[in-house]
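Here's the structure we're looking at; comments come further down.
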Amino acid sequence: MKRTHTCGELSTKHLNEQVTLEGWVHSRRDHGGILFVDLRDRYGLTQVVFNPTNLTEEDYPKAESLRDEYVILVQGKVVPRLEGTENEKISTGEIELVAEHFEIQNIAQTPPFLVSEEGEISESLCLKYRFLDLRRPMVQNNFIQRHQIVRTIRNYLDDNRFLDIETPVLCRSTPEGARDYLIPSRTHPREFFALPQSPQLYKQCLMMAGMDRYYQVAKCFRDEDLRADRQPEFTQIDLEMSFVDEDDIFQLIEGLMKSVFANVLGKDLEIPFLRISYDDAMNRFGSDKPDMRFDMEISDLSKEVQDVDFRVFKQVIESGGAVKCIVAPDCAKYSSGEIDKLRKKAESFGANGLAWFKVTSEGAQSPIAKFFTSDQIEKIQKKSGASEGDLLLFVAGEKNMVHDVLGKLRLEMAERLGLIKDDLFVFAWVTDFPLLEWDEEASRYVAMHHPFTSPKECDQESWDANPQNLRARAYDIVLNGVEIGGGSIRIHKKEVQEKMFSFLGISTEEANDKFGFLLKALSFGAPPHGGIALGLDRLVMLLLGQRSLRDVIAFPKTQKASCLLSAAPSEVDDSQLKGLSLKFLDEE
RNA sequence: GGGGGCGUAGCUCAAUUUGGUUAGAGUGCUUGACUGUCGAUCAAGAUGUUGCGGGUUCGAGUCCCGUCGCUCCCGCCA
């Protein structure tokens, strides 16, 4: 015997039909003479009534033995609920199933937490019993929606002529980027594979192979420390296109997001997205992933305060730094204690201090007001757009630090003041990233995006003049202040790629050793190409309004990168180590 | 590598500030009663290595040291 329906589909349309359901006992209500069981599967709940008058003498006591999470099969008749006992909370609430025959397919231990309970349960317990946690309808819903999102993306890319091509998981370890997960090779003692941080070079090779448009729902691995929005193993919607420029990528992704919003969330998404250059993003929002759901932009007051008799500001300006501020609306009422907390916050972000002004009807109120003329105060007020009742927060110092601190303070204040509306999705493209970044530790330039990103200027003069000023043809896509993807137009000329390597301090020999296959491929007719990778987990997390990636990954790792369900990683047998020619250092 | 938070009954939490009788509540669990519940109700009952180890003390869930786990953040994440 098998089920004829799921637990979510019976309605008054099925009245008087003989049906069979299978599922889990979600909850039971035993009234002595009559017993109600809510039967659950992925599709919903159906109330089953066990009444002695409809059951054999052996079956009724068996029904009384039912407990939470038992798996049963029930056969019976669909009947309307008695008037006044309908349940509006469930889709099948107008009917119930009168059990005439049933089988207990499996009993269950008392679960460590209630599947039917909606409250919070400690995360480690959920992960240890993830198979139970995933039974909870609220949790299950995330994965049903995640599936819908992926399906929509696949359909959209298919409609746009993309080929889904798999790339290896056992890869070559390459310098640059995050720490690799390494896999020792048995067949090549002393040698290692690396798990891919992204399929970057393979997808470029596919473009050189004339595949024209590639995509993949690709697992990527980075052996770095975790955060709420960072797992060591994550999924990218990875894609690459030939004969395109930035606008082609933007339009493709805007269309993709529009499709996802329409099909999954039932919302109309406005396109095209906002576009902002890296420099603008830093100057206006203090971040390369600006949350543009609210304003509170940063104002540069360096010019306005250059003649002010306040030593801190004066020294900063003289040494080439900047004085900038944000305006916290309606915060002039803050007590000195509250402002002191903000100062500490700012200092924890890296500031040397926090200067402030309250804008009141009697003018600027601040311990440093005495250093300013009324004309200067007026100019500051005008430039920052502050009005009566507002609080101005100043940070002075080296430009990057000022941006960083004010950017973080801006987010802090927005959260405090509730300026961010729920249910708002604001996408933005961040463009014109610097090509290179100076790495203090290694005392050399490193690629800000990756070494295969095309510079905007390929001529020797620009390169020689000032490498810091070189811009990349790279772009990030930002949603509500979270980076959900990034990509670039790639280098497709061998000479440019070689120049890039040499700039990064990678010698010709090393380049040939580690990236020889790419350089070779570039020399056999590589088309202009570019692409992007979207962080699927982050995207799903944001679209579903979840706080952690763990909510949208079926079997996530803990912050120490272990799996509580399977207890991975684990020790292995000595024989396994021997087969891999491995030995622990402390055994030598 | 660094900083913060948490760890008490199966689960969620209280008792920790100020060390002091037998570590409590809700829920779940067990048993019983009950023929229309849906967070069923009512009655009775069982359940503790206070994460682990050490120390201080007449006395430690509470204070100190160490350690483990979970979590948030900084570093790190091309």
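Under the working numbering, the letters of the first sequence match residues 829 to 1416, in that order.
Note that beta-carbon positions come from the ideal geometry of N, C-alpha and C, so glycine has one too.
How many Å lie between residue i and residue j at the Cα?
i       : j       : result
Cys1313 : Glu914  : Note on residue identity: the sequence assigns Gly, not Cys, to residue 1313. The alpha-carbon atoms of Gly1313 and Glu914 are separated by roughly 47 angstroms.
Glu1226 : Asp987  : 49 angstroms
Ala1361 : His854  : 41 angstroms
Glu1416 : Ala1150 : Summary for Glu1416: the model assigns pLDDT 46, below 50, so the residue's position carries little reliability, and this model does not support an answer.
Phe971  : Gln1028 : 27 angstroms
Gln1387 : Lys956  : 14 angstroms
Gly1421 : Arg1139 : Nothing about residue 1421 can be read from this structure; the chain reaches only from 829 to 1416.
Glu1132 : Val1187 : 17 angstroms
Leu883  : Val877  : 10 angstroms
Cys1153 : Ser1087 : 39 angstroms
Asn1228 : Ser950  : 39 angstroms
Phe1049 : Val967  : 25 angstroms
Thr938  : Arg1366 : 34 angstroms
Glu1269 : Asp1232 : 20 angstroms
Val1136 : Pro1195 : 14 angstroms
Val1144 : Tyr1162 : 27 angstroms
Thr1281 : Asp1304 : 13 angstroms
Met1085 : Ile1099 : 9 angstroms
Thr874  : Val865  : 8 angstroms
Val1324 : Ala1302 : 16 angstroms
Ser1130 : Trp1184 : 15 angstroms
Glu1431 : Leu942  : In the structure as shown, the chain starts at 829 and stops at 1416, and residue 1431 therefore has no counterpart that could be examined.
Leu867  : His975  : 24 angstroms
Val1223 : Val997  : 47 angstroms
So, helix, strand or coil for residue i, using DSSP?
i       : result
His842  : helix
Tyr888  : helix
His833  : coil
Ile1099 : coil
Pro939  : coil
Thr881  : helix
Ser1403 : helix
Ala1389 : coil
His975  : helix
Phe1177 : coil
Leu1093 : helix
Ala927  : strand
Ala1183 : strand
Asn969  : helix
Leu1413 : helix
Ile1205 : helix
Asp1292 : helix
Cys958  : The sequence as given places Arg at residue 958; Cys does not occur at that position. Helix.
Ser952  : helix
Glu1068 : strand
Glu850  : strand
Arg895  : coil
Glu1061 : strand
Asp1123 : coil
Gln933  : strand
Ser1189 : coil
Asp1116 : coil
Arg963  : coil
Ser855  : strand
In terms of residues, what are the limits of the beta strand (DSSP E) holding residue i?
i       : result
Val877  : 872-878
Phe1113 : Phe1113 -> not in any beta strand (DSSP E); alpha helix (DSSP H) instead, spanning 1106-1113.
Gln903  : 899-908
Over the uninterrupted alpha helix (DSSP H) stretch that includes residue i, give me the two end residues.
i       : result
Asp1075 : 1074-1088
Asp866  : That residue, Asp866, is in no alpha helix (DSSP H); its beta strand (DSSP E) goes 863-869.
Ile1196 : From DSSP, Ile1196 is part of no alpha helix (DSSP H); its letter is neither H nor E.
Can you give, in chain order, each stretch of the beta strand (DSSP E) that sits fully within the stretch 979-1059 and has at least 3 residues? Complete beta strand (DSSP E) runs here, min 3: 1010-1012, 1020-1022, 1041-1049.
Could you name each continuous beta strand (DSSP E) segment of 3 residues or more that falls completely within the stretch 1298-1384, going from the start of the chain to the end? Whole beta strand (DSSP E) segments, 3+ residues: 1302-1307, 1310-1317, 1357-1363.
In chain order, which continuous runs of the beta strand (DSSP E) of length 3 or greater are located wholly inside the stretch 1136-1172? Scanning the stretch 1136-1172 for uninterrupted beta strand (DSSP E) segments of 3 residues or longer gives 1150-1156, listed from N- to C-terminal end.
For the 8 angstroms Cβ check, are there 3 or more pairs between the stretch 1167-1175 and the stretch 1235-1242? The stretch 1167-1175 and the stretch 1235-1242 touch, with no fewer than 3 CB-CB distances between them shorter than 8 angstroms.
Count the C-beta pairs between the stretch 994-1006 and the stretch 1271-1281 that are closer than 8 angstroms, then say yes if the count reaches three, no if not. Between the stretch 994-1006 and the stretch 1271-1281, the count of Cβ pairs shorter than 8 angstroms is three or higher; the stretches touch.
Just checking, does the stretch 1373-1387 make contact with the stretch 1053-1067 on the three C-beta pairs under 8 angstroms criterion? Counting Cβ pairs under 8 angstroms, three or more are found: they touch.
Cβ pair count under 8 angstroms reaching 3, the stretch 1036-1046 against the stretch 1350-1359: Because the criterion of three Cβ pairs below 8 angstroms is met, the stretch 1036-1046 and the stretch 1350-1359 touch.
Residue ranges of each alpha helix (DSSP H) run of no fewer than 4 residues wholly in the stretch 1207-1287, ordered along the chain? Runs of the alpha helix (DSSP H) lying entirely within the stretch 1207-1287, each at least 4 residues long, are 1227-1245 in chain order.
How do the stretch 1328-1347 and the stretch 1248-1255 stand: do at least 3 beta-carbon pairs fall below 8 angstroms, yes or no? No: the two stretches stay apart, fewer than three of their Cβ pairs being nearer than 8 angstroms.
Are the stretch 1013-1026 and the stretch 1398-1409 in contact at 8 angstroms, needing three or more beta carbon pairs? They touch, by the three-pair rule.
Can you confirm whether the stretch 1110-1124 touches the stretch 1195-1207 when touching is taken to mean that 3 or more C-beta pairs between the two stretches lie within less than 8 angstroms? Contact between the stretch 1195-1207 and the stretch 1110-1124 is not established, with fewer than three Cβ pairs separated by less than 8 angstroms.
State whether the stretch 900-915 contacts the stretch 925-940, with contact taken as three or more CB pairs (one from each stretch) at a distance under 8 angstroms. They touch, by the three-pair rule.
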